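Here's the structure we're looking at; comments come further down.
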Amino acid sequence: MTIPRRFTGDTLVIASHNAGKVREIAELLGPYAARFTTAGALGLPEPEETGDSFVANAELKARAAAAAGHVALADDSGLVVPALNGDPGIYSARWAGPTKDFALAMRKVEDGLVGQTDRSAYFVCALSLAWPDGHVETVEGRCYGTLVWPPQGLHGFGYDPMFRPDGHSLTFGEMDPAAKHAMSHRADAFAQLVERCFR
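Whatever position you read off the sequence shown (first residue = 1), add 23 for our numbering.
And the structure:
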């Protein structure tokens, strides 16, 4: 078993152009890095996500951003709906179209569930930390729940307003962000990554 590599720098590049993700990542990793910047702020293009899994796409994005010379963290996450054969899955953002209209994406999920009794779903978050020399550390977190309709709440982003985590009465969209951070797929992945690379 290989020993995980620790992050020892002061600047971490968040390899995302998604403002919601950048905000959540900065909040979750705030204690562990002195400075954050983003792929967008550095003028780095978004690489084409050609991987066939969340892990493959996270690693692809992290490596692309690390090529700019700093350790880079990339997230690839999405909603997996078993009754839709795993869709939208790695295409979760693409279901929202070029204008990132997640009301449209949530409607597509709901339309696909018409006549289905199984409304279970889970969020997946793969996190990859890449160094300029090509080394990568990757973890994957999950959060299980049920899909509700109509969407509820104005917090969070993406599919949050239609996802009610198991054991809770509120959707991610209704929860205080701190409550979501404590249990989300991203929180699960970050707990693993912090233990692996930041402690």
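Where is the CB? At the ideal position from N, CA and C, for every residue including glycine. All values derive from a computational prediction rather than experimental measurement.
What's the gap between the Cα of residue i and the Cα of residue j?
| i | j | result |
| --- | --- | --- |
| LEU83 | GLU72 | 7 Å |
| ARG28 | LEU152 | 10 Å |
| GLY179 | GLY157 | 33 Å |
| ILE48 | ASP134 | 31 Å |
| THR122 | SER115 | 13 Å |
| ALA62 | LYS44 | 12 Å |
| SER76 | ILE113 | 6 Å |
| CYS166 | ASP124 | 23 Å |
| PRO223 | VAL132 | Residue numbering for the chain in the displayed model covers 24 to 222; residue 223 lies beyond these limits and cannot be assessed. |
| LEU216 | PRO155 | 18 Å |
| VAL212 | CYS148 | It should be noted that the sequence gives Ala, not Val, for residue 212. Computed Cα separation, rounded: 6 Å. |
| GLN175 | MET206 | 18 Å |
| MET185 | LEU102 | 11 Å |
| MET198 | ALA214 | 20 Å |
| PHE26 | ARG222 | In the sequence under discussion, the amino acid at residue 26 is Ile, which differs from the Phe named in the question. Their backbone Cα atoms lie some 13 Å apart in a straight line. |
| ALA56 | PRO70 | 24 Å |
| THR194 | ILE37 | 27 Å |
| GLU50 | ARG187 | 22 Å |
| ALA88 | TYR182 | 26 Å |
Kindly identify the DSSP beta-bridge partner or partners of residue i.
| i | result |
| --- | --- |
| ARG170 | Reading the sequence as shown, one finds Leu at residue 170 and not Arg. LEU170 is bridged to PHE186. |
| THR161 | SER151 |
| ALA144 | GLY168 |
| PRO121 | Paired residues: none, contrary to the question. |
| PRO111 | VAL103 |
| LEU96 | ILE37 and LEU152 |
Round the Cβ separation of residue i and residue j to the nearest angstrom and send it over; I've been treating them as touching at under 8 Å.
| i | j | result |
| --- | --- | --- |
| ALA79 | LEU150 | Not a contact, Cβ separation roughly 13 Å. |
| ALA144 | LEU170 | 5 Å |
| ALA128 | TRP118 | 4 Å |
| PRO105 | ASP141 | 6 Å |
When the Cα of residue i is compared with those of the options, which residue comes out closest?
| i | options | result |
| --- | --- | --- |
| GLN139 | GLY63, LEU107, ASP211 and ARG165 | LEU107 |
| SER192 | PHE77, VAL147, SER76 and GLY168 | GLY168 |
| TRP172 | GLY179, GLY196 and PRO121 | GLY196 |
| ALA64 | ALA57, ALA42, LEU51 and ALA212 | ALA42 |
| VAL159 | ILE113, ALA97, LYS203 and ALA119 | ALA97 |
| ARG86 | ASP75, VAL104, GLY101 and LEU67 | LEU67 |
| GLY74 | MET129, SER100, LYS203 and GLN175 | SER100 |
| ALA90 | PHE186, LEU35, LEU136 and TYR182 | LEU35 |
| PHE30 | VAL94, LEU127 and ASP183 | VAL94 |
| GLY109 | GLY92, LEU136 and GLY120 | LEU136 |
| ARG209 | ASP33, GLY32 and LEU52 | LEU52 |
| VAL162 | GLY181, CYS220, LEU127 and THR194 | CYS220 |
| GLY32 | ARG130, GLY92 and ARG46 | GLY92 |
| GLY190 | LYS203, PHE59 and GLY164 | LYS203 |
* Ranges of the alpha helix (DSSP H) found wholly within the region 27-92, counting only runs of at least 4 -> Segments of the alpha helix (DSSP H) lying fully in the region 27-92: 42-52 and 77-89.
* Fully enclosed by the region 192-220, which alpha helix (DSSP H) runs are 4 residues long or longer? -> Counting whole runs of 4 or more residues, the region 192-220 contains the alpha helix (DSSP H) stretches 200-206 and 208-216.
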